[in-house]
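Let me begin by presenting the structure, written as structure tokens, before commenting on it.
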Amino acid sequence: MRVIVTGTGDAFSTERFGSSALIQTPEGFTAIDCPASPLGMYRRASEVSGIAIDPGCIHDLIMTHLHADHAGGLETMAFYRRYKAPDSPKPRLWAAPGVMARMWERLAPSMDGRGLGETPASSLEDFFEPGELALDGDTRVGPLTVRVRWTIHAVPTVGLLISDGESTLGWSSDTEFHVEHADWLAEADLIVHECGESVKHATWEQLSTLPEDLQRRTRLLHVPDDVDLPDGSMKRLHDGEVLEVQSRISESI
Ligand SMILES: [Zn+2]
97 MRVIVTGTGD AFSTERFGSS ALIQTPEGFT AIDCPASPLG MYRRASEVSG IAIDPGCIHD
157 LIMTHLHADH AGGLETMAFY RRYKAPDSPK PRLWAAPGVM ARMWERLAPS MDGRGLGETP
217 ASSLEDFFEP GELALDGDTR VGPLTVRVRW TIHAVPTVGL LISDGESTLG WSSDTEFHVE
277 HADWLAEADL IVHECGESVK HATWEQLSTL PEDLQRRTRL LHVPDDVDLP DGSMKRLHDG
337 EVLEVQSRIS ESI
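Residue numbers are given in the numbering used here: position 68 of the sequence shown equals residue 164, and the series is strictly consecutive.
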């Protein structure tokens, strides 16, 4: 599985885009979160990675939660598809039930087109094909299979286990450090964990208590601009970095 890390910043970063990624698929791309300024973010990720990213080819967007540094780009993506790439199919938009329940509440004031009147001209379904991520099993998201688990964060947020049938990516999403969450992610071949170093987030010191085998398979993002992490097995990711996720089983054969 090829993963393009499109952003590694936290909510206050002035240097990097919000923590997010694209998974390359045979049909295009599946997005993990969609932070503010997504068009600039995808352009920059294309330049750094050397992989051409057409925002019109993102067929699925998986939203972990509704904070702006993760979901602030949905309006731009919706209007881009409507006005700049009208021939591209409507993207599917995925979130856990408690997240999806408030999706349109977040987007409607700037997207429902009611003008000065009372009657909305548009709904979420006019821009996206919404789908809920099952809380108790697998959800088929295009060519991928997704499992979710609630994290410990200020708003409803899910971590992700995403498989293409050959390898599995673990994505902690925003969360306080929680050993049970790390244990759940340990099934993945490669884990991208947040390291926000602040309240409602995990710290490097906490993450460095995980087993060495797990740390070696862990990459970090959501690190504040002014934080330097100690050297260790858990490498810090950079905007535009490409991860080739390989199955641990086939690697050891
Ligand atoms: Zn958050």
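Quick reminder that beta carbons are idealized off the backbone N, C-alpha and C, glycines included.
Pairing G146 with E340, the inter-Cα distance amounts to about 14 Å. In terms of side-chain proximity, the C-beta atom of H166 is found nearer than 7 Å to a non-hydrogen atom of ligand 1. With respect to the 8 Å criterion, A250 and K296 are classified as neighbours on the basis of their beta carbons. For Y179, the closest C-alpha among the options A282, L256, I158, G152 is that of G152. The segment 304-324 makes contact with the segment 279-290; the number of CB pairs closer than 8 Å reaches 3 or more. Put simply, the segment 203-222 does not touch the segment 250-262. Fewer than three CB pairs are less than 8 Å apart. The bridge partners DSSP lists for T235 are V242. Between the alpha carbons of P185 and L333 lies a gap of roughly 31 Å. Burial is judged here by how many other beta carbons sit within 10 angstroms of a residue's own beta carbon; I119 has at least 16 and is buried. Put simply, the residues with a CB less than 5 Å from any heavy atom of ligand 1 are H163, D270, in chain order.
Around the Cβ of F273, a 10 Å sphere holds 16 or more other Cβ atoms; the residue is buried. In this chain, the alpha helix (DSSP H) harbouring Q311 covers 308-312. For a cut-off of 8 Å, the C-beta gap from S259 to L240 is around 7 Å, short enough to register as a contact.
Annotation note: the segment 143-168 contains the following uninterrupted beta strand (DSSP E) runs of length 3 or greater, listed N- to C-terminal: 154-158.
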